[in-house]
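Colleague: I have a structure I would like to understand better, so I am pasting it below and will then ask my questions one at a time.
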Amino acid sequence: MHEQNRTSATPTTRYGDPVHRPRPVEPHTVLLPQDIPPGVDWVTLPNGVRTLAYTHPHPAPATEAEPVRESIPRWARTTALLAPTLGGGIAAAGFGISYAAPGVLAMAEVLWAAVALIAAGTLAPLLLRASRSRSGRGAGPVQHITQNIAASGMFGRATGTLNQR
């Protein structure tokens with residue numbers, strides 16, 4: 385180790401570290417109340433020292449009481465969550481119906497044709513009988529035709545007769 389020069393300008397500790405002396409006290413700046421920025425105020429610390437510090441702004445006194453917020457009822461939340469789903473389902477159904485409309489219209493035409501055919505088949509004999517009775521002869525005799533068919537065995541040949549009376 386090297387020895388310290390005892391006549392050096394900077395005093396040292398016995399371990400060779402320099403001794404730090406406090407700086408001379410500078411005069412304090414005086415702040416007037418109008419110079420203090422907003423959000424800064426005088427506070428008293430727990431040890432009794434008064435100093436400037438940032439503070440939280442004090443809320444202005446409320447002139448009207450805030451309305452109490454009530455919780456949303458469960459049925460309202462459920463309805464609000466189901467509304468887009470229901471709307472989406474209705475939209476999908478409308479989209480499908482728009483694609484199916486030509487086929488539905490064609491089926492409606494077929495059904496009307498079938499109704500007309502059934503009506504014509506039902507009303508034709510009635511109209512024919514009514515037209516015969518108007519011709520003056522009256523209705524002709526009713527004819528009965530019977531048919532008898534007989535077969536023997538599973539693969540036997542069927543024979544039959546027609547009888548008109």
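Here the numbering used here is used: the first residue of the sequence shown is 385, the next is one more, and so on. Glycine included, each C-beta is placed from N, C-alpha and C at the ideal position. On a predicted model such as this, the values are computed, not experimentally measured, just so you know.
#1: Give me the residue from M538, I533 and G537 with the minimum Cα distance to G544.
#2: How many angstroms separate the CA atom of P430 from the CA atom of G400?
#3: How far does the beta strand (DSSP E) with G358 in it extend, from its first residue to its last?
#4: Pull up the distance between the alpha-carbon of I456 and that of L465, whole angstroms please.
#5: With a threshold of 16 other CB atoms inside 10 Å of the CB of M385, please say whether the residue is buried or exposed.
#6: Tell me, which residues are paired with N532 by DSSP?
#7: For the beta strand (DSSP E) that D425 lies in, which residues bound it at each end?
#8: Identify, in the order they occur along the chain, each residue of the same chain with its Cβ nearer than 8 angstroms to the Cβ of R434, setting aside the five sequence neighbours on each side.
Modeller: The answer reads as follows:
#1: Within the sequence shown, residue 544 is the residue found at index 160, counting from 1. Comparing Cα positions, the closest option is I533.
#2: Translated into positions along the sequence shown, residue 430 becomes position 46. Translated into positions along the sequence shown, residue 400 becomes position 16. For P430 and G400, the distance between alpha carbons rounds to 39 angstroms.
#3: With the chain running from 385 to 549 in the structure shown, residue 358 is simply not present.
#4: Against the sequence shown, residue 456 aligns to sequence position 72. Against the sequence shown, residue 465 aligns to sequence position 81. Using only the alpha carbons, I get a separation of about 13 angstroms.
#5: Here the question's residue 385 lines up with position 1 in the sequence shown. Confidence is the limiting factor: at M385 the pLDDT is only 48, short of 50, which leaves the residue's position unreliable, though a coordinate-based value still follows. Counting the other CB atoms within 10 Å of its CB gives M385 a total below 16, which places it among the exposed residues.
#6: For this step, residue 532 is matched to residue 148 along the sequence shown. Beta-bridge pairing links N532 to T545.
#7: Within the sequence shown, the letter at position 41 stands for residue 425. According to the DSSP assignment, D425 belongs to the beta strand (DSSP E) that extends over V424 to T428.
#8: By one-based count along the sequence shown, residue 434 stands at place 50. Hits under 8 angstroms: W426, V427 and T428.
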